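J.: Residues in the sequence shown are numbered consecutively from 5, following my numbering.
Heads up, the beta-carbon is just placed ideally off N, CA and C, and yes, glycines get one too.
Keep in mind that this is a model prediction, so the values were computed, not measured.
Here's a structure for you.
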Amino acid sequence: MNIVKSSRSSSVPKSVAALDSKNSAATTNINLYQEIPNIEVSLDDFEEFALDRLKVLKKLEQLKMRHVAPEKYKKYLDPLLQKLNDPTKDWISHFVLRLAYCRSEDLRRWFLAQEVALLKYRLSQSNPGSSSNSGGETAITKALKSVLPNVHVLAPEELEPLLPKILAATPSLNMNPLQVGNGRNANSNNNIYRVPFTQALDLVQHRQVFVKKGMAYIPESKLLSLVTARFRSNLSRQLALLSAVPTTPALQRTQGFLKNVATVHAIKDEYLEQGAGTDGVQLTANNVASHVKHMPLCMAQLQMALNKEKHLKHWGRLQYGLFLKGAGLSLEDAMVYFERMFVGKDFNKEYSYNFRHMYGKEGKRANYPPYNCAKIINGNGPNANEHHGCPYKHSTVQDVTAMLNKLGIAPSKQKGIIAQQQSHNYQLACVEHFKAMYPNPPTSVYANDFGNHPNAWFKSSVKASGGADAKMTDSQTIDGKKSNVASGDVDMNDPNSVSP
Ligand code: SF4
Numbered sequence: 005m006n007i008v009k010s011s012r013s014s015s016v017p018k019s020v021a022a023l024d025s026k027n028s029a030a031t032t033n034i035n036l037y038q039e040i041p042n043i044e045v046s047l048d049d050f051e052e053f054a055l056d057r058l059k060v061l062k063k064l065e066q067l068k069m070r071h072v073a074p075e076k077y078k079k080y081l082d083p084l085l086q087k088l089n090d091p092t093k094d095w096i097s098h099f100v101l102r103l104a105y106c107r108s109e110d111l112r113r114w115f116l117a118q119e120v121a122l123l124k125y126r127l128s129q130s131n132p133g134s135s136s137n138s139g140g141e142t143a144i145t146k147a148l149k150s151v152l153p154n155v156h157v158l159a160p161e162e163l164e165p166l167l168p169k170i171l172a173a174t175p176s177l178n179m180n181p182l183q184v185g186n187g188r189n190a191n192s193n194n195n196i197y198r199v200p201f202t203q204a205l206d207l208v209q210h211r212q213v214f215v216k217k218g219m220a221y222i223p224e225s226k227l228l229s230l231v232t233a234r235f236r237s238n239l240s241r242q243l244a245l246l247s248a249v250p251t252t253p254a255l256q257r258t259q260g261f262l263k264n265v266a267t268v269h270a271i272k273d274e275y276l277e278q279g280a281g282t283d284g285v286q287l288t289a290n291n292v293a294s295h296v297k298h299m300p301l302c303m304a305q306l307q308m309a310l311n312k313e314k315h316l317k318h319w320g321r322l323q324y325g326l327f328l329k330g331a332g333l334s335l336e337d338a339m340v341y342f343e344r345m346f347v348g349k350d351f352n353k354e355y356s357y358n359f360r361h362m363y364g365k366e367g368k369r370a371n372y373p374p375y376n377c378a379k380i381i382n383g384n385g386p387n388a389n390e391h392h393g394c395p396y397k398h399s400t401v402q403d404v405t406a407m408l409n410k411l412g413i414a415p416s417k418q419k420g421i422i423a424q425q426q427s428h429n430y431q432l433a434c435v436e437h438f439k440a441m442y443p444n445p446p447t448s449v450y451a452n453d454f455g456n457h458p459n460a461w462f463k464s465s466v467k468a469s470g471g472a473d474a475k476m477t478d479s480q481t482i483d484g485k486k487s488n489v490a491s492g493d494v495d496m497n498d499p500n501s502v503s504p
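Here it is as structure tokens:
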């Protein structure tokens, strides 16, 4: 892919018009991105295509986090996917995001999960037969052939002698032997595909297909998992390889964009305006502590550390200070609050500039937004005596368990949270924490995007608990236990009351 300086002249690169129609990567219905695009793309398109794709991937992640049924994905995804309808745009955007997301294991894991989800969605939407343009092939079979060129569709005469064994080994298969014998199976959804068993290990391992002489016989209904497994392993390998490739001069000028795209872009800065995330709460220097009950673990952890150590190091001040700013704490109240908390420090001399800078009153006077989850999770983790970051990513299971205990989350409710943490699904762990706090939140809460942004978690918690002045009732306590943090009864002078 060559990046050219020219500004955008159309929504699709100029060279696309000249793209060879035989270039299968751009012209198959379902692209498994086997080929690297070798075309010119302007810097503007390079960035715009990637951001359009990122919006789709983020939406997929949100839908999964909110447990939206896959049948309902269409309503949310199709408007975003329309922007990727052009095969070449889709192709380029995938490879730009590969460059951005190959940089760390977490980024690779996230990108892989969302790309596989996108492929599954697209395959599920491809109506067998309707997407074909030759020989009744479906999008799935075409995609399969692009990753497994030696796949063979059994002819009726090949299928007939094997059918009893295939039916016995594949209980879910519903096939009428008479139809097969009459050759009426050729274009049905019950085609059987023969591939080397090593290319269908997942299905073989779970005894879902018939295997004979090293060949696996796979019904059409099982192809989806075969294609996605193949896509996943290819992409995973290629991302790992790409991470070790030094940057080329051609890509040099995109480095800033690539570095930021995974953490900053395509994330709504809806909490940029101070107080936009408050939903009626008026945070002041005197009531920050009583709102710890509305904070996700990353921010509760910083408040706990502040209580205990009477200080926060640079990244902790930044993460927590910007969060409180987004939650509505004014600069004046922030100065009063942190000066009060930083016991034994010359606050005005050492830290006041720092807080004024966060609020855009010093330096380049930028209106810095609060950090979103992607930025916190993929940012630098805490060193000794630091408490910033995402606990699900940067702390041990033991530390998270200890924090959840202090927050009064019952062990039975912790299981789901810890399981997600151990599966490296940090944001899903955070969603589980929210669900442990509020098992039956109002439906409007799910529009708030919690699990993607600490301020959204805060806003959702305020809403779920009934508003700004809501106190936890017995029914809202966790398994009948009332937490000192959740109830707001935090003794600001007791370092052990909520220690990390
Ligand atoms: Fe904070 Fe996001 Fe981690 Fe939750 S997932 S603890 S909101 S960084």
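1) Excluding the five sequence neighbours on either side, which residues of its own chain have a C-beta within less than 8 Å of the C-beta of residue 348, listed in chain order?
2) Helix, strand or coil for residue 196 per DSSP?
3) Looking at C-alpha atoms only, which residue of 399, 332, 219 and 44 is the closest neighbour of residue 374?
4) So is residue 463 buried or exposed if we call it buried at 16+ other beta carbons inside 10 Å?
5) Taking one C-beta from the segment 283-295 and one from the segment 375-389 each time, how about it: are there three or more such pairs within less than 8 Å?
6) Just list the alpha helix (DSSP H) runs in the segment 370-404, keeping only unbroken ones of 4 residues or longer that don't cross its boundaries, in chain order.
7) Helix, strand or coil, according to DSSP, for residue 216 in the structure here?
8) Find the nearest neighbour of residue 507 within the set 67, 57 and 36, judged by alpha-carbon distance.
9) Using the Cβ count rule (16 or more neighbours within 10 Å means buried), how would you classify residue 437?
10) When burial is assigned at 16 or more other CB atoms within 10 Å of the CB, is residue 133 buried or exposed?
11) Say yes only if the C-beta of residue 411 is nearer than 8 Å to one or more non-hydrogen atoms of the ligand SF4, and no if none qualify.
12) Please go through the same chain and pick out, in chain order, the residues whose beta-carbon is closer than 7 Å to the beta-carbon of residue 325, but skip the five residues on each side of it.
13) Touch check for the segment 106-122 and the segment 167-175: three-plus C-beta pairs under 8 Å?
14) Tell me which same chain residues have a C-beta within less than 6 Å of the C-beta of residue 298, skipping the five on either side of it?
15) Looking at the structure shown, is residue 72 part of a helix, part of a strand, or coil, going by DSSP?
16) Given 8 Å as the limit, is there contact between the segment 57-76 and the segment 192-209, that is, 3 or more CB pairs closer than that?
17) Compute the beta-carbon to beta-carbon distance between residue 367 and residue 459, rounded to the nearest angstrom, for a pair I have assumed lies under 8 Å.
18) Exposed or buried, which one is residue 252 when buried takes at least 16 other CB atoms within 10 Å?
19) Around the Cβ of residue 41, are there at least 16 other Cβ atoms within 10 angstroms (buried) or fewer (exposed)?
20) With a cut-off of 8 Å on the beta carbons, I'd call residue 425 and residue 404 a contact; round off their distance for me.
21) Cutting at 8 Å between CB atoms, please list the residues of its own chain near residue 177, excluding the five before and the five after it.
22) Quick one: residues in its chain with C-beta nearer than 8 Å to the C-beta of residue 219, no 5 flanking neighbours on either side, listed in chain order?
23) Kindly examine the ligand SF4 and report whether one of its heavy atoms sits closer than 8 Å to the Cβ of residue 455.
24) Which residue wins for smallest C-alpha separation from residue 260, given the options 47, 43 and 38?
25) Excluding the 5 residues flanking residue 497 on each side, which residues of the same chain have their C-beta closer than 8 Å to its C-beta?
26) Do the CB positions of residue 266 and residue 105 come within less than 9 Å of each other?
27) Opposite residue 221 in the DSSP bridges: which residues?
28) State the start and end residues of the unbroken beta strand (DSSP E) segment that holds residue 44.
29) Below 8 Å on the Cβ atoms is my contact criterion, and I expect residue 380 with residue 434 to pass it. Report the Cβ-Cβ distance as a whole number of Å.
30) Report all residues from its chain with a CB closer than 6 Å to the CB of residue 234; omit the five preceding and five following residues, and keep chain order.
31) Below 7 Å CB to CB, which residues in the same chain sit around residue 440 once its five sequence neighbours on both sides are set aside?
32) Tell me the rounded alpha-carbon separation between residue 270 and residue 354.
33) Using only alpha-carbon positions, find the residue among 389, 153 and 108 that is nearest to residue 38.
34) Please state whether DSSP places residue 132 in a helix, a strand or coil.
35) Tell me whether residue 422, by its Cβ, gets closer than 8 Å to a heavy atom of the ligand SF4.
36) Run through the DSSP bridge pairs and tell me what residue 156 is partnered with.
T.: To lay it out plainly:
1) Stepping through the sequence shown from its first residue, residue 348 is reached at position 344. So the list reads 314, once near-sequence residues are dropped.
2) Residue mapping note: residue 196 aligns to position 192 of the sequence shown, counting from 1. Three-state result, residue 196: strand.
3) As a working mapping, residue 374 is identified with position 370 in the sequence shown. Checking every option, the nearest Cα to that of residue 374 belongs to 332.
4) Counting from one through the sequence shown, the residue named residue 463 turns up at place 459. Buried is the call here.
5) no
6) 377-382 and 395-398
7) In the sequence shown, residue 216 corresponds to position 212, counting from 1. Here residue 216 sits in strand by DSSP.
8) The chain is shown only over 5 to 504; residue 507 falls outside these bounds and no answer can be derived.
9) The count along the sequence shown starts at 1 and reaches residue 437 at position 433. Flag for residue 437 reads buried.
10) For the purposes of this step, residue 133 is taken as residue 129 along the sequence shown, with counting starting at 1. Bear in mind that a pLDDT of 42 at residue 133, under 50, signals an unreliable position, so the model cannot answer this.
11) As a first step, residue 411 must be located in the sequence shown, where it is residue number 407. No, since every heavy atom of the ligand SF4 falls outside the 8 Å radius drawn around the Cβ of residue 411.
12) Here residue 325 corresponds to residue number 321 of the sequence shown, with the count starting at 1. Result list for residue 325: 338, 359 and 362, in chain order.
13) no
14) For the purposes of this step, residue 298 is taken as residue 294 along the sequence shown, with counting starting at 1. Hits under 6 Å: 462, 465 and 466.
15) Position 68 of the sequence shown, counted from the start, is the residue given in the question as residue 72. Three-state DSSP puts residue 72 in coil, outside helix and strand.
16) no
17) Counted from its first residue, the sequence shown places residue 367 at position 363. Counted from its first residue, the sequence shown places residue 459 at position 455. Not quite, the Cβ-Cβ distance comes to about 23 Å (not below 8 Å), so this is no contact.
18) Working through the sequence shown from its first residue, we reach residue 252 at position 248. Looking at its Cβ environment, which holds fewer than 16 other Cβ atoms inside 10 Å, residue 252 is exposed.
19) The residue labelled residue 41 in the question sits at position 37 within the sequence shown. With 16 or more Cβ atoms within 10 Å of its Cβ, residue 41 is classed as buried.
20) Your numbering for residue 425 matches position 421 in the sequence shown. Your numbering for residue 404 matches position 400 in the sequence shown. That pair is a contact at about 6 Å.
21) Position 173 of the sequence shown holds residue 177. Cβ within range, chain order: 170, 171, 194, 223 and 225.
22) Numbered from its first residue, the sequence shown carries residue 219 at position 215. Hits under 8 Å: 198, 199, 200 and 201.
23) The residue given as residue 455 occupies position 451 in the sequence shown. Yes, since a heavy atom of the ligand SF4 falls inside the 8 Å radius drawn around the Cβ of residue 455.
24) Position 256 of the sequence shown, counted from the first residue, corresponds to residue 260. Nearest C-alpha to residue 260: 47.
25) Residue numbering aside, residue 497 sits at position 493 when the sequence shown is read from its first letter. With a pLDDT of only 32 at residue 497, under the threshold of 50, the placement of this residue in the model should not be trusted, and no figure is reported.
26) Residue numbering aside, residue 266 sits at position 262 when the sequence shown is read from its first letter. Residue numbering aside, residue 105 sits at position 101 when the sequence shown is read from its first letter. Closer than 9 Å, so yes.
27) Within the sequence shown, the letter at position 217 stands for residue 221. Per DSSP, 198 and 214.
28) As a working note, residue 44 is residue 40 in the sequence shown. First-last of the beta strand (DSSP E) with residue 44: 44-46.
29) Translated into positions along the sequence shown, residue 380 becomes position 376. Translated into positions along the sequence shown, residue 434 becomes position 430. Not confirmed; about 10 Å, so no contact.
30) Position 230 of the sequence shown holds residue 234. 151, listed in sequence order.
31) Numbered from its first residue, the sequence shown carries residue 440 at position 436. Here the set comprises 413, 417, 421 and 482.
32) Within the sequence shown, numbered from 1, the residue matching residue 270 stands at position 266. Within the sequence shown, numbered from 1, the residue matching residue 354 stands at position 350. In this prediction, residue 270 has a pLDDT of 45, which is less than 50 and means its spatial position is unreliable; nothing more can be read from the coordinates.
33) If you number the sequence shown from 1, residue 38 lands on position 34. Nearest of 389, 153 and 108 to residue 38, Cα basis: 153.
34) Within the sequence shown, the letter at position 128 stands for residue 132. The predicted position of residue 132 is uncertain, since its pLDDT is 48 and thus under 50; a value taken from the coordinates is nonetheless stated next. The answer is coil: DSSP assigns residue 132 none of H, G, I, E or B.
35) Looking up residue 422 in the sequence shown gives position 418. No, since every heavy atom of the ligand SF4 falls outside the 8 Å radius drawn around the Cβ of residue 422.
36) The residue labelled residue 156 in the question sits at position 152 within the sequence shown. Partner(s): 198.
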